[in-house]
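Numbering (UniProt numbering), first residue to last: 1 to 213.
Glycine is no exception: its CB is placed at the ideal position from the N, C-alpha and C atoms.
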């Protein structure tokens with residue numbers, strides 16, 4: 001893990017291209033994307049910014065585009081399915097209700113408005129909204145949303161979300177300003193997910209502290 005972070009921070013293409021490092025990158029990407037989509041307590045994980053970094057890595061030839069796309073679409077789709085099943089099977093349990101209570105009300109409202117306005121299409125639109133992305137499949141499971149219909153929109157949403165952010169990450173690397181400061185640019189793309197991760201963790205502790213008071 002330390003070697004991987006050092007290689008990313010120093011933009012060491014030789015190290016990053018090693019097969020064991022590539023597999024390490026794949027493991028981290030799959031785990032983060034899966035958990036963010038599957039579990040409400042993991043909604044703070046930096047999926048969007050991590051996909052931007054992934055797109056930049058594919059643009060530099062460190063990761064192959066289509067196998068990486070397939071892997072992360074699978075992670076996202078499988079995560080949504082687990083989230084849906086949690087809502088369906090455990091939605092009324094104390095555990096899941098605690099998760100929902102700890103989620104700020106504004107995200108509940110956004111998820112509700114999306115569902116009311118767009119119906120099934122909310123699973124596509126909501127994929128691009130942090131925290132709402134993780135709420136929607138849980139709500140779908142709790143509300144008894146039809147399984148086949150859920151799967152259809154879930155997997156299309158996963159493809160659109162992952163593909164869009166990866167392409168955007170690729171395009172970023174082709175901007176002249178980025179190319180002139182490539183090492184700094186790649187470092188920023190790495191730092192953003194780490195910052196969002198830390199902010200999310202701090203936010204969880206603050207929310208837990210407030211609930212205990």
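Spatial neighbours of residue i in its chain, beta-carbon cut-off 7 Å, leaving aside the 5 residues before and after
i, result
"residue 17", "62"
"residue 120", "149, 153"
"residue 129", "110"
Residue i, DSSP secondary structure in three states
i, result
"residue 64", "coil"
"residue 131", "coil"
"residue 144", "coil"
"residue 91", "coil"
"residue 43", "coil"
"residue 115", "helix"
"residue 183", "helix"
"residue 166", "helix"
"residue 104", "coil"
"residue 58", "helix"
"residue 173", "coil"
Rounded C-alpha distance that separates residue i from residue j
i, j, result
"residue 23", "residue 4", "11 Å"
"residue 187", "residue 133", "27 Å"
"residue 67", "residue 137", "25 Å"
"residue 265", "residue 11", "No answer is possible for residue 265: the residues shown for the chain start at 1 and end at 213."
"residue 184", "residue 37", "30 Å"
"residue 171", "residue 56", "8 Å"
"residue 32", "residue 202", "18 Å"
"residue 70", "residue 53", "16 Å"
"residue 164", "residue 155", "14 Å"
"residue 79", "residue 191", "25 Å"
Segment limits, alpha helix (DSSP H) that includes residue i
i, result
"residue 11", "Segment: none, residue 11 is in no alpha helix (DSSP H) and carries neither H nor E."
"residue 176", "176 to 180"
"residue 19", "19 to 38"
"residue 124", "122 to 125"
Near the ligand ATP: residue i beta-carbon under 8 Å from a heavy atom
i, result
"residue 110", "Absence of the ligand ATP is noted for the structure shown, with no ligands found whatsoever."
Cβ neighbours of residue i in the same chain (closer than 8 Å, five flanking residues each side left out)
i, result
"residue 85", "141"
"residue 50", "29, 32, 33, 193"
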